[in-house]
Amino acid sequence: MQKEAVKKNERVEEVFNLFIKHIQAFLQEAKLNHEEYTNFVKWADRLGRTGELPLYADVFLETHVLQAMYTDKPGTQPSLLGPYFIEGSPLIEQVHGQPMVLTQRADEAGEVLYFKGNVSGTDGRILANTKVEMWHNDHSATYSAFDSDAPKYNLRGHFYTDENGDFLVKTIVPVPYPIPTDGPTGEFLNYMEQHPMRPAHLHIMFEAEGYETLITQVFFEGDEWLETDVAEGVREDLMTKLVDKGDHKEASLNFVMRPE
Ligand code: MBD
Ligand code: FE
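Using full-length UniProt numbering, read the sequence shown as starting at 1 and increasing by one per residue.
Structure (structure tokens):
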């Protein structure tokens, strides 16, 4: 207990030292005048006051955290957790032989999607009974509990893989998502002459005993925003294809987790 606390403080000290060292180097290089400095501080203050700091961080910084953590490691690449995950999603009822239906309104707009997945380990093990957490936006590109008036857990839920590590979930096809442009994050995008779009994506997270939790996303071939995703969350092994089945679409992807 005592030892743990000491270790943690050393890590915080190390990180803060690096943080201040690089901020100072940035200021030396940028040679801001006093007006620019004041503008920068005011902008950062607005970022905090409007509640957009998590959004800004997840869009412009989180991808670099992931790259530092995971480059060159085996298994499915992680992607951004993003600012729109909430705890406490409902357990989706599992009826044998039937797809699980992600929480949705009776008249949920959008194309029906059946998404099939399989979860295994880099050690070759089938990962049965793995917890799968899913959340994504709706047909009007809004996330429940944030920029939508849908019920809090709309298009959110969790369930478990079957004895073969498989799952089949029924939901709707997510759509490309513009991050909010009316606040300080939008100001930043404007100055950078950058569009606010993320390609359509499913958020998905896997938890299995003895394995590293895998937080990732699923993207769809042909999406016009894949190459210029504002948050740089796209990874090659997270791509799937939407197959047209007339009254619905199908897609599938295999996920591979790493032992701890
Ligand atoms: C999103 O939907 C998202 O997934 C991320 C990472 C950032 C902003 C909006
Ligand atoms: Fe998202």
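Using N, Cα and C, we set each Cβ at its ideal position, and we do this for glycine too.
Taking residue i as the reference, give the member of the options with the closest Cα.
{"i": "E52", "options": "A150, G82, Y211", "result": "G82"}
{"i": "T103", "options": "I92, G110, V112", "result": "I92"}
{"i": "F159", "options": "T38, V119, D107", "result": "V119"}
{"i": "V59", "options": "G186, F220, D237, N254", "result": "G186"}
{"i": "G97", "options": "P74, T161, K131", "result": "T161"}
{"i": "residue 263", "options": "T63, T216, Y70", "result": "Past the edges of the chain, shown from 1 to 260, lies residue 263, and the structure says nothing about it."}
{"i": "S252", "options": "E260, R258, V243, P259", "result": "V243"}
{"i": "V218", "options": "T122, E133, A44", "result": "E133"}
{"i": "T240", "options": "A44, H201, D107", "result": "H201"}
{"i": "I179", "options": "Y211, F146, G210", "result": "F146"}
{"i": "L189", "options": "D229, Y211, Q28", "result": "D229"}
{"i": "K170", "options": "R235, E227, N254, W135", "result": "W135"}
Residue i and residue j: beta carbons closer than 7 Å?
{"i": "V175", "j": "A231", "result": "no"}
{"i": "A128", "j": "G165", "result": "yes"}
{"i": "L47", "j": "Y37", "result": "no"}
{"i": "P78", "j": "Y70", "result": "yes"}
{"i": "F167", "j": "G110", "result": "no"}
{"i": "M257", "j": "G157", "result": "no"}
{"i": "H248", "j": "V112", "result": "yes"}
{"i": "E260", "j": "G183", "result": "no"}
{"i": "S89", "j": "Y153", "result": "yes"}
{"i": "I172", "j": "E108", "result": "yes"}
Could you tell me how far apart the beta carbons of residue i and residue j are, in whole angstroms, since I believe they sit closer than 8 Å?
{"i": "E250", "j": "Y114", "result": "5 Å"}
{"i": "L80", "j": "G233", "result": "4 Å"}
Can you tell me whether residue i is buried or exposed? The criterion is at least 16 other CB atoms within 10 Å of its CB, across all chains shown.
{"i": "R198", "result": "buried"}
{"i": "V12", "result": "exposed"}
{"i": "H34", "result": "exposed"}
{"i": "Y191", "result": "exposed"}
{"i": "E62", "result": "buried"}
{"i": "L238", "result": "buried"}
{"i": "A32", "result": "Residue identity differs from the one stated: residue 32 is Leu in this sequence, not Ala. Classification for L32: exposed."}
{"i": "L155", "result": "buried"}
{"i": "L66", "result": "buried"}
{"i": "F40", "result": "exposed"}
{"i": "F255", "result": "buried"}
To which residues of the same chain is residue i closer than 7 Å at the C-beta, ignoring the five residues directly before and after it?
{"i": "A150", "result": "R105, D138, S144"}
{"i": "L226", "result": "P199, F219, V234"}
Tell me which same chain residues have a C-beta within less than 6 Å of the C-beta of residue i, skipping the five on either side of it?
{"i": "T130", "result": "V119, T161, F206, A208"}
{"i": "T213", "result": "E207"}
{"i": "T181", "result": "P196"}
{"i": "E163", "result": "A128"}
{"i": "W43", "result": "P184"}
{"i": "P54", "result": "P83"}
{"i": "D123", "result": "P259"}
Which same chain residues end up closer than 8 Å to residue i when comparing Cβ atoms and leaving out the 5 residues on each side of it in sequence?
{"i": "E87", "result": "none"}
{"i": "M100", "result": "I92, E93, Q94, G157, F159, F167, L168, V169, K170"}
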